[in-house]
Amino acid sequence: MERSEAAMTPPKGPPIRLSALDPQFSREIKRLAGTDFHACLQCRSCSGGCPFSDHMDYMPNGVMRLVQLGLKQEALSCNTIWICVGCHTCSIQCPMAIDIPGVMDALRERALAEHVAVIEPDILAFHREVLHSIARYGRTHKLEIMLRYKLKRRDLFSDLDVGLRMLAKRKLDLTPSRIEQIAEIQKVFRP
Amino acid sequence: MTAAGRAAPIEVSYFPGCSLATTAKENNQSLIESCARLGIRLVEIPDWNCCGSSSAHSIDHRIAFDLACRNLALAPAGRPLVTACPSCTLRLKHAQHLLRHDAGARGRYETLWGRPYDPDLHVRHFFGLMVEIDWRSRIGNGDVVPLDLTFAPYYGCMLNRPAALRPSTDHHGVMERVLGDLGMRSVLWASSTQCCGTFLTVARPDIVTPKVNAILQNAADSGAECVVTACAMCHMNLEVRCTLKAPIPIFHFSELIALAFGSARRDWFSRHLIDPRPLLSRKGLAA
Numbered sequence: 531m532e533r534s535e536a537a538m539t540p541p542k543g544p545p546i547r548l549s550a551l552d553p554q555f556s557r558e559i560k561r562l563a564g565t566d567f568h569a570c571l572q573c574r575s576c577s578g579g580c581p582f583s584d585h586m587d588y589m590p591n592g593v594m595r596l597v598q599l600g601l602k603q604e605a606l607s608c609n610t611i612w613i614c615v616g617c618h619t620c621s622i623q624c625p626m627a628i629d630i631p632g633v634m635d636a637l638r639e640r641a642l643a644e645h646v647a648v649i650e651p652d653i654l655a656f657h658r659e660v661l662h663s664i665a666r667y668g669r670t671h672k673l674e675i676m677l678r679y680k681l682k683r684r685d686l687f688s689d690l691d692v693g694l695r696m697l698a699k700r701k702l703d704l705t706p707s708r709i710e711q712i713a714e715i716q717k718v719f720r721p
Numbered sequence: 009m010t011a012a013g014r015a016a017p018i019e020v021s022y023f024p025g026c027s028l029a030t031t032a033k034e035n036n037q038s039l040i041e042s043c044a045r046l047g048i049r050l051v052e053i054p055d056w057n058c059c060g061s062s063s064a065h066s067i068d069h070r071i072a073f074d075l076a077c078r079n080l081a082l083a084p085a086g087r088p089l090v091t092a093c094p095s096c097t098l099r100l101k102h103a104q105h106l107l108r109h110d111a112g113a114r115g116r117y118e119t120l121w122g123r124p125y126d127p128d129l130h131v132r133h134f135f136g137l138m139v140e141i142d143w144r145s146r147i148g149n150g151d152v153v154p155l156d157l158t159f160a161p162y163y164g165c166m167l168n169r170p171a172a173l174r175p176s177t178d179h180h181g182v183m184e185r186v187l188g189d190l191g192m193r194s195v196l197w198a199s200s201t202q203c204c205g206t207f208l209t210v211a212r213p214d215i216v217t218p219k220v221n222a223i224l225q226n227a228a229d230s231g232a233e234c235v236v237t238a239c240a241m242c243h244m245n246l247e248v249r250c251t252l253k254a255p256i257p258i259f260h261f262s263e264l265i266a267l268a269f270g271s272a273r274r275d276w277f278s279r280h281l282i283d284p285r286p287l288l289s290r291k292g293l294a295a
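Spelled out as structure tokens, the structure:
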């Protein structure tokens, strides 16, 4: 069977500038992630298995290549790091046993530390609300997380039906389940 | 057979986690009931906190580590810490992995929680316990109501792990074996280990809804009358994000065990967004 033209054409994108490679960044992510992504041989099992790769700008194997090369800006600003939920479908399929979601965690954290513009602000807003709830109660209070998230986005009405159905089924508690020793949790959140 | 004639009771520490404590109370109660019938006492660890969920490790690895560690520090020595949520299990095990391999992590643990970490603490998901004990010997034959149901076992991402955290035996097939022993028939289907989308359900329902619909449609097309979940988060996502006209009901694994043991409660099933009661009464299994 003849291959299509498209299959033989490399994907369009800006050329890689060798001057932009940052080996220090590569080492830093390796240290943070605790996994050796240099073992990646670009077999693409991760991207084939990832349930969410359709929604990513770089496939997971592409992100492994970015961090190998030290292409910092591309790695920190891609949406892949925010879409990845850490389901580890890729980890289980990776023949080189790379903890790919561990790399995504490290990149997300670096992106925030370096104030890189977050391409999925709603996902970040949700994570922040979950942490806010844990800091306050020691546990997650789902109703408050949702309300605060919706208020921040100034969008109270999307998903209103879902919220009401959950309330009707007693799935959303009005009051939080909270721990007694909240001071111990505050210790954790102190910078 | 009387209770006295059965195996000795087991007492374990128990970490329910936020989902089971709140949105999935029916999961928690049915697990506690099932265990009670098996002579397993789940002793909730006092004042446990959220494991950090997906959000902590997503944006701050230190907070994620500390939150998980407080729970490990609260667990009494000498008995296993049993978890019910696959995601909590992974968070706790990940913290243990760091404690085992990183002196800095151990130092932080000791400073924050005022005691050395317990290298012998065995964190294990309820599935591991279920496989290990001879549960048949712990309950009389006459005490089991056979469940005439065909189900699609849904593990979600539960069986996936990074290489460093892979258990020596995994839990694949646990639902098929245990529920099979209780009279149920499992179907083979393609979406058994497809991720439910977890927290993307909030910020990106546009991604999660088609995934969830595909999973539930696939289960129905495979001949299942219901889906059985291992995880409360999966259960919620499947129910909340499904937009199919007539989806098949979704049970928590523990609800069906309790149902077969005759200790299910009516108000568990009334909490489901996709009402399983018509199916149960059709099968003569109304709780």
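Chains as they are written, first to last, in this note's numbering: chain A, 531 to 721; chain B, 9 to 295. We put the CB at the ideal spot given by N, CA and C, even for glycine. It should be emphasised that the depicted structure is a prediction, and the values quoted were computed from it without experimental measurement.
Is there at least one non-hydrogen atom of the ligand FMN closer than 7 Å to the beta-carbon of residue i?
i                            : result
phenylalanine 207 of chain B : Looking at this structure, you won't find the ligand FMN or any other ligand, since it has none at all.
Taking just the CA atoms, how far does residue j sit from residue i?
i                         : j                            : result
histidine 180 of chain B  : threonine 705 of chain A     : 37 Å
isoleucine 628 of chain A : threonine 565 of chain A     : 6 Å
leucine 677 of chain A    : serine 663 of chain A        : 12 Å
cysteine 576 of chain A   : tryptophan 612 of chain A    : 16 Å
alanine 211 of chain B    : alanine 16 of chain B        : 48 Å
alanine 29 of chain B     : alanine 665 of chain A       : 18 Å
glutamine 716 of chain A  : glycine 122 of chain B       : 16 Å
glutamine 131 of chain B  : phenylalanine 207 of chain B : For clarity, residue 131 of chain B is valine in the given sequence; the question names glutamine instead. Near 24 Å, if we compare the C-alpha coordinates of phenylalanine 207 of chain B and valine 131 of chain B.
glutamate 118 of chain B  : arginine 49 of chain B       : 29 Å
proline 631 of chain A    : cysteine 614 of chain A      : 7 Å
lysine 101 of chain B     : leucine 167 of chain B       : 14 Å
methionine 724 of chain A : methionine 634 of chain A    : Any question about residue 724 of chain A goes unanswered here, given that chain A covers just 531 to 721.
glutamine 225 of chain B  : glutamine 37 of chain B      : 29 Å
glutamine 572 of chain A  : asparagine 591 of chain A    : 6 Å
valine 182 of chain B     : methionine 138 of chain B    : 8 Å
isoleucine 223 of chain B : proline 54 of chain B        : 37 Å
histidine 645 of chain A  : alanine 605 of chain A       : 13 Å
tyrosine 163 of chain B   : leucine 281 of chain B       : 20 Å
lysine 682 of chain A     : methionine 244 of chain B    : 24 Å
glutamate 659 of chain A  : glutamate 714 of chain A     : 19 Å
glutamate 710 of chain A  : tryptophan 56 of chain B     : 9 Å
leucine 686 of chain A    : glycine 270 of chain B       : 43 Å
glutamate 639 of chain A  : alanine 266 of chain B       : 42 Å
Relative to the C-alpha of residue i, which residue among the options is closest?
i                         : options                                : result
leucine 246 of chain B    : B/Tyr22, B/Cys204, B/His133            : B/Cys204
proline 213 of chain B    : A/Ile630, A/Asp689, A/Lys717, A/Ala713 : A/Asp689
threonine 97 of chain B   : B/Arg49, B/Cys165, B/Lys253            : B/Cys165
asparagine 609 of chain A : A/Leu637, A/Ser556, A/Phe687, A/Gln572 : A/Leu637
threonine 619 of chain A  : A/Arg547, A/Arg574, A/Glu644, A/Ile675 : A/Arg574
tyrosine 189 of chain B   : B/Arg169, B/Asn221, B/Ala198, B/Arg144 : Correcting the residue type first, residue 189 of chain B is aspartate in the shown sequence and not tyrosine. For aspartate 189 of chain B, the nearest C-alpha among the options comes from B/Arg144.
isoleucine 622 of chain A : B/Pro161, B/Arg174, B/Arg99            : B/Arg174
glycine 231 of chain B    : B/Arg290, B/Ala254, B/Pro84, B/Ala160  : B/Ala160
tyrosine 667 of chain A   : A/Phe656, A/Arg708, A/Arg695, A/Pro651 : A/Arg708
isoleucine 258 of chain B : B/Thr158, B/Ile215, B/Ala172           : B/Thr158
arginine 700 of chain A   : B/His65, B/Ser278, B/Cys77             : B/Ser278
glutamate 184 of chain B  : B/Ala171, B/Lys219, B/Val235           : B/Val235
serine 66 of chain B      : A/Asp691, A/Glu558, A/Pro544, A/Ala563 : A/Ala563
Is it right to say residue i is buried, meaning 16 or more other beta carbons lie within 10 angstroms of its own, or is it exposed?
i                        : result
cysteine 617 of chain A  : buried
glutamate 19 of chain B  : exposed
valine 186 of chain B    : buried
valine 51 of chain B     : exposed
alanine 238 of chain B   : buried
glycine 112 of chain B   : exposed
glycine 693 of chain A   : buried
alanine 698 of chain A   : exposed
threonine 670 of chain A : buried
arginine 169 of chain B  : buried
histidine 568 of chain A : exposed
alanine 72 of chain B    : buried
histidine 69 of chain B  : buried
Cβ of residue i within 8 Å of Cβ of residue j?
i                         : j                            : result
glycine 136 of chain B    : cysteine 93 of chain B       : no
glycine 60 of chain B     : leucine 80 of chain B        : no
glycine 191 of chain B    : aspartate 156 of chain B     : yes
threonine 209 of chain B  : leucine 702 of chain A       : no
alanine 268 of chain B    : valine 195 of chain B        : no
threonine 201 of chain B  : arginine 249 of chain B      : no
serine 556 of chain A     : glutamine 598 of chain A     : yes
methionine 241 of chain B : serine 63 of chain B         : no
arginine 285 of chain B   : alanine 294 of chain B       : yes
asparagine 221 of chain B : leucine 252 of chain B       : yes
threonine 91 of chain B   : phenylalanine 134 of chain B : yes
tyrosine 125 of chain B   : arginine 114 of chain B      : yes
leucine 642 of chain A    : leucine 601 of chain A       : no
In chain order, each alpha helix (DSSP H) run of at least 4 residues that lies wholly inside the region 67 to 141 of chain B: 69 to 82, 94 to 109, 111 to 121, 134 to 140
Enumerate, from N- to C-terminal direction, the unbroken alpha helix (DSSP H) stretches of 4 or more residues contained entirely within the region 624 to 692 of chain A. 630 to 643, 651 to 667, 672 to 682
Complete runs of the alpha helix (DSSP H) confined to the region 230 to 254 of chain B [at least 4 residues]: 240 to 249
Considering only residues of the region 141 to 190 of chain B, which uninterrupted beta strand (DSSP E) runs meet the minimum length of 3 residues and lie entirely inside it, listed in chain order? 158 to 162
Entirely enclosed alpha helix (DSSP H) segments - the region 564 to 599 of chain A, minimum 4 residues: 575 to 579, 590 to 599
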